[in-house]
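Chains as they are written, first to last, in the working numbering: chain A, 124 to 308; chain B, 124 to 308.
Just so it is clear, CB atoms sit at the ideal spot from N, CA and C, and this is done for glycine as well.
Every value quoted in this text rests on a predicted model; they were computed, and no experiment measured them.
Number of protein chains: 2
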Amino acid sequence: MSKLIFELSVSLDGYISGADSSPERLHGWAFRGDDTDRAMLDKAWPDGGAMICGRNTYDLSVPQWGAEGPSANKRIPLVVITHSEPAEVPANAVYSFATGGIEAALKEARDRAEGGNLVIMGGPGVGRQYLRAGLLDEVVLHVVPVFLGAGTRLFDDPGGAIGMETIEVIRTDAATHLRLRVAGG
Amino acid sequence: MSKLIFELSVSLDGYISGADSSPERLHGWAFRGDDTDRAMLDKAWPDGGAMICGRNTYDLSVPQWGAEGPSANKRIPLVVITHSEPAEVPANAVYSFATGGIEAALKEARDRAEGGNLVIMGGPGVGRQYLRAGLLDEVVLHVVPVFLGAGTRLFDDPGGAIGMETIEVIRTDAATHLRLRVAGG
Numbered sequence: 124m125s126k127l128i129f130e131l132s133v134s135l136d137g138y139i140s141g142a143d144s145s146p147e148r149l150h151g152w153a154f155r156g157d158d159t160d161r162a163m164l165d166k167a168w169p170d171g172g173a174m175i176c177g178r179n180t181y182d183l184s185v186p187q188w189g190a191e192g193p194s195a196n197k198r199i200p201l202v203v204i205t206h207s208e209p210a211e212v213p214a215n216a217v218y219s220f221a222t223g224g225i226e227a228a229l230k231e232a233r234d235r236a237e238g239g240n241l242v243i244m245g246g247p248g249v250g251r252q253y254l255r256a257g258l259l260d261e262v263v264l265h266v267v268p269v270f271l272g273a274g275t276r277l278f279d280d281p282g283g284a285i286g287m288e289t290i291e292v293i294r295t296d297a298a299t300h301l302r303l304r305v306a307g308g
Numbered sequence: 124m125s126k127l128i129f130e131l132s133v134s135l136d137g138y139i140s141g142a143d144s145s146p147e148r149l150h151g152w153a154f155r156g157d158d159t160d161r162a163m164l165d166k167a168w169p170d171g172g173a174m175i176c177g178r179n180t181y182d183l184s185v186p187q188w189g190a191e192g193p194s195a196n197k198r199i200p201l202v203v204i205t206h207s208e209p210a211e212v213p214a215n216a217v218y219s220f221a222t223g224g225i226e227a228a229l230k231e232a233r234d235r236a237e238g239g240n241l242v243i244m245g246g247p248g249v250g251r252q253y254l255r256a257g258l259l260d261e262v263v264l265h266v267v268p269v270f271l272g273a274g275t276r277l278f279d280d281p282g283g284a285i286g287m288e289t290i291e292v293i294r295t296d297a298a299t300h301l302r303l304r305v306a307g308g
């Protein structure tokens, strides 16, 4: 059974972007990391799988992604959660648009995947919704050794504590990569 | 040269206590952890060193600590940062009271230590002040595998980002223990 994985970079103090919202500081491991970091990044593109993101992430990124999506020439299908389909979409693109909420998007992603894992990308909003709904299997946190002190929080809601189980810890100079299973999930 | 170390437990999403402020969830590794967790805890009591805390931590804890302080029969000196000395102090106690701010407390702790490390304990306020003042050498974070979603944040101030260098990562079931050096510090 394919797993639904929420993957993102976070500071030591739980911020997913700084006050100045410069993404480089938290995502440097992906661009300037070592071989271990690059192996982590490769795992984030699920062979035979699919990806899910929110509409904001899509709108911000589609100018760079073009028709191929975030995985470039791997052309992994990307399901975008949205209220309505965009007016224009690149021809022959990897995207599909789910207008029926997170469960419909999950079903669409499973349909489009070939048995591989499903990875949630982009900001934390979509991942939080799947976690709160009990649909998430794993969270991968790339913990970057910096205190940001301010910015956008990984979690900032009153939904109650969610226990996790640590299943892998990989340390590099650029980040400590934690793979966690939702406890009981 | 002895090091000044700020040591505390934190959730995956950067909270140092939950909304219901039940401390057990974040400190369980210290009480119900394995041998590796207990070795981490032993290192937190600095042989030949001293400890520093704020007045709130002292007031809350002195009824349990008695004259011996948090390290019990190890009797490690504890310097309390305070505006004024308390009216009553247990006889023959390990405490001293620094009324001249964090630098005076640091000097007092170095004077009372026998060359060992100095460890900041208690809530995050005191540790943050030393970090912002550039006086801190290391931070030890006991990252507990739980999303709390709300509570008291490790960092929540506009003081700007502080880069750290990861010097040790130890994983147990109960926590991932990160030892970090203040970059350039």
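*Checking contacts by CB at 8 Å: is Y138/A closer than that to chain B?*
For the purposes of this step, residue 138/A is taken as the residue at position 15 of the first sequence. Interface annotation, Y138/A: in contact with chain B, CB-CB separation under 8 Å.
_Range of the contiguous alpha helix (DSSP H) that encloses C231/B_ = Taking the first residue of the second sequence as 1, we reach residue 231/B at position 108. Looking at the sequence provided, one finds Glu at residue 231/B rather than Cys. Unbroken alpha helix (DSSP H) run through E231/B: G224 to R235.
*Report the residues of the segment 273-292 of chain A with a CB closer than 8 Å to any CB of chain B, ordered along the chain.*
Listed by position along the chain: A273, R276, L277, F278, D279, D280, P281, G282, G283, A284, I285, G286, M287, E288, T289 and V292.
*asked:* Using 8 Å as the cut-off, can you tell me whether the segment 290-307 of chain B makes contact with the segment 155-167 of chain B, which would need three or more C-beta pairs spanning the two stretches below that distance?
replied: At 8 Å Cβ cutoff, the stretches touch.
_Taking CB distances under 8 Å as the criterion, tell me whether D260/A reaches chain B._
By one-based count along the first sequence, residue 260/A stands at place 137. Chain B, which has no Cβ nearer than 8 Å to the Cβ of D260/A, makes this no.
_Segment contact, 8 Å Cβ cut-off, at least three pairs: the segment 235-253 of chain B with the segment 231-240 of chain A_ = The answer is no - the segment 231-240 of chain A does not touch the segment 235-253 of chain B, with fewer than three Cβ pairs under 8 Å.
_Cβ pair count under 8 Å reaching 3, the segment 239-255 of chain A against the segment 128-139 of chain A_ = Cβ pair count under 8 Å is three or more, so yes.
*Can you check DSSP and say which residues form a bridge with G177/A?*
By one-based count along the first sequence, residue 177/A stands at place 54. Partner(s): I204/A.
*Find out if the Cβ-Cβ distance for the pair F270/B, D143/B is shorter than 8 Å.*
Here residue 270/B corresponds to residue number 147 of the second sequence, with the count starting at 1. Here residue 143/B corresponds to residue number 20 of the second sequence, with the count starting at 1. No, these two residues do not count as a Cβ contact at 8 Å.
*Could you name the residues of chain B that D296/A contacts, counting a contact when the two beta carbons are closer than 9 Å?*
Start at 1 with the first residue of the first sequence, and residue 296/A comes out as number 173. Correct list: E288 and T289.
*asked:* Using a Cβ-Cβ cutoff of less than 8 Å, which residues in the same chain neighbour P261/B once the five nearest sequence positions on both sides are dropped?
replied: Residue mapping note: residue 261/B aligns to position 138 of the second sequence, counting from 1. Reading the sequence as shown, one finds Glu at residue 261/B and not Pro. Taken in chain order, the residues that qualify are K126, L127, I128, F129, I290, R302, L303, R304 and V305.
*Reduced DSSP secondary structure (H/G/I, E/B, other) of G308/B*: As a first step, residue 308/B must be located in the second sequence, where it is residue number 185. Its pLDDT being 40, under 50, G308/B is placed unreliably in this model, and the value from its coordinates should be taken loosely. In the displayed model, G308/B falls within coil according to three-state DSSP, outside both helix and strand.
*asked:* I need the straight-line Cα distance from V185/B to P200/B, nearest angstrom please.
replied: Here residue 185/B is taken as the residue at index 62 of the second sequence, counted from 1. Here residue 200/B is taken as the residue at index 77 of the second sequence, counted from 1. If I take the Cα positions, the gap works out to 14 Å.
*Where does L127/B fall in DSSP's three states?*
Mapped onto the second sequence, residue 127/B falls at position 4. DSSP places L127/B in strand when its eight states are reduced to three.
_Could you compute how far the alpha carbon of K197/B sits from the alpha carbon of E191/B?_
Locating residue 197/B in the second sequence gives position 74, where the first residue counts as 1. Locating residue 191/B in the second sequence gives position 68, where the first residue counts as 1. Going by the C-alpha atoms only, they are around 8 Å apart.
*Considering L264/A, what are the terminal residues of the alpha helix (DSSP H) in which it resides?*
Taking the first residue of the first sequence as 1, we reach residue 264/A at position 141. Under the DSSP assignment, L264/A falls outside any alpha helix (DSSP H), being part of the beta strand (DSSP E) whose first and last residues are E261 to V267.
*Candidates G274/A, T275/A, V266/A and A273/A: closest to S134/B by CA position*: As a first step, residue 134/B is located in the second sequence; it is residue number 11 there, counting from the start. Comparing Cα-Cα distances from S134/B to each of G274/A, T275/A, V266/A and A273/A, the minimum goes to V266/A.
*Residues of chain B with a CB under 8 Å from the CB of L100/A: which are they?*
Nothing in the structure corresponds to residue 100/A, since chain A is present only between 124 and 308.
*Is V217/A helix, strand or coil by DSSP?*
Along the first sequence, one-based indexing puts residue 217/A at 94. Note: V217/A maps to coil in three-state DSSP.
_Positions along the segment 161-180 of chain A whose CB lies within less than 7 Å of some CB in chain B_ = Flagged: no residues at all.
*Exposed or buried, A268/B, counting other C-beta atoms within 10 Å across all chains shown (16 or more means buried)?*
Position 145 of the second sequence, counted from the start, is the residue given in the question as residue 268/B. The sequence shown places Pro at residue 268/B, not Ala. Its Cβ being crowded by 16 or more others within 10 Å, P268/B is buried.
*asked:* Quick check: the Cα distance between T275/A and D279/B, rounded to an integer number of angstroms?
replied: Here residue 275/A refers to the residue found at position 152 of the first sequence. Here residue 279/B refers to the residue found at position 156 of the second sequence. Each residue's Cα considered, the two are about 11 Å apart.
*For G257/A and chain B, any beta-carbon pair shorter than 8 Å?*
Mapped onto the first sequence, residue 257/A falls at position 134. In terms of beta-carbon proximity, G257/A stays away from the interface with chain B, with every pair separated by 8 Å or more.
*If G272/A sits next to G282/B, beta carbons under 8 Å apart, how far is it from one beta carbon to the other, in whole angstroms?*
Working through the first sequence from its first residue, we reach residue 272/A at position 149. Working through the second sequence from its first residue, we reach residue 282/B at position 159. Between G282/B and G272/A the Cβ distance is about 5 Å, and since that is below 8 Å, they are a contact.
*Tell me, please, whether the CB atom of L303/A is closer than 8 Å to any CB atom in chain B?*
Along the first sequence, one-based indexing puts residue 303/A at 180. L303/A counts as touching chain B.
*Out of curiosity, what's the CA-to-CA distance linking V263/B and A221/A?*
Residue mapping note: residue 263/B aligns to position 140 of the second sequence, counting from 1. Residue mapping note: residue 221/A aligns to position 98 of the first sequence, counting from 1. Between V263/B and A221/A, the alpha-carbon positions lie close to 43 Å from each other.
*asked:* Given a cut-off of 8 Å on the beta-carbon distance, is the pair L241/B and A173/B in contact?
replied: As a first step, residue 241/B must be located in the second sequence, where it is residue number 118. As a first step, residue 173/B must be located in the second sequence, where it is residue number 50. One thing to note: L241/B has its Cβ within 8 Å of the Cβ of A173/B.
_Burial state of L183/A, where buried means 16 or more other Cβ atoms lie within 10 Å_ = By 1-based counting over the first sequence, the position of residue 183/A is 60. Exposed, because fewer than 16 other Cβ atoms sit within 10 Å of the Cβ of L183/A.
*asked:* Cβ closer than 8 Å: which chain B residues qualify as neighbours of T299/A?
replied: Position 176 of the first sequence holds residue 299/A. Near T299/A (Cβ distances below 8 Å), the residues of chain B are T289, V292, T299 and L301.
_Can you find the residues in the same chain that come closer than 6 Å, C-beta to C-beta, to H323/B, ignoring five residues on each side of it along the sequence?_
Because chain B is modelled from 124 through 308, residue 323/B falls outside the range shown and cannot be assessed.
_Counting only Cβ pairs nearer than 7 Å, list the residues of chain B close to R155/A._
Indexing the first sequence from 1 puts residue 155/A at position 32. Going along chain B, no residue has its Cβ under 7 Å from R155/A, so there is no contact; the nearest lies around 14 Å.
*Please look up how many angstroms separate the CB atoms of V212/B and C176/B, rounded, as I've assumed it's under 8 Å.*
The residue given as residue 212/B occupies position 89 in the second sequence. The residue given as residue 176/B occupies position 53 in the second sequence. Separation of the CB atoms of V212/B and C176/B is rounded to 14 Å, and the pair is thereby denied contact status at 8 Å.
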